[in-house]
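> In short: position in the sequence shown from 1, add 5, done, that's the numbering used here.
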Amino acid sequence: NFHADIIGRMGYADAAAHIQSLYLAGRREEAFNAIPDELADGISLVGPPGRIKERLQLWHDSPVTSLLVMGPRDEDSLRTVRDLVLG
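1. Taking the alpha carbon of R87 as the reference point, which residue from P54, P68, T70 and A30 has its own alpha carbon closest?
2. Could you tell me if A18 is buried or exposed, where buried requires 16 or more neighbouring beta carbons within 10 angstroms of its beta carbon?
3. Please give the ranges of any alpha helix (DSSP H) in the stretch 24 to 63, keeping only runs that are unbroken, at least 4 residues long and fully inside the region.
4. For I12 and E43, I'd like the C-alpha separation in whole angstroms.
5. Pop quiz: L27 and A36 are said to be a contact at Cβ under 8 Å. What is the actual Cβ separation, rounded to whole angstroms?
6. Pick out whichever of S71, D79, R32 and I24 has its Cα sitting closest to the Cα of V90.
7. Grab the span of the alpha helix (DSSP H) containing D79 for me, first residue to last.
8. Let's see if you can read the secondary structure: which residues bound the alpha helix (DSSP H) around D10?
9. Is the beta carbon of L73 sitting closer than 8 Å to the one on L61?
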């Protein structure tokens, strides 16, 4: 599995195997809850705007050149994301 392989290469091989096992057994909510917080923080910006703003600097200082925005698509939420990214 592509995602399990990548997560394993990031140092979370045991977690990846456990998450995949739960997911394939149809226990999707348990699989979601088994994702380590450190892993989520390492690959995404999650949380309220203040937390995202705080953690966004880590991404500005990284080689990452593009971010995929997922979440609410209403105008206010998109403006908030825009303002956080553009400063």
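A virtual CB, placed ideally from N, CA and C, is assigned to each residue, including glycine. Note that the coordinates shown come from a computational prediction; the quantities given were computed from them, not determined experimentally.
This is what the structure gives:
1. P54
2. exposed
3. 33 to 38 and 42 to 48
4. 12 Å
5. 4 Å
6. S71
7. Counting along the chain, D79 falls outside any alpha helix (DSSP H), and DSSP gives it neither H nor E.
8. F7 to I12
9. no
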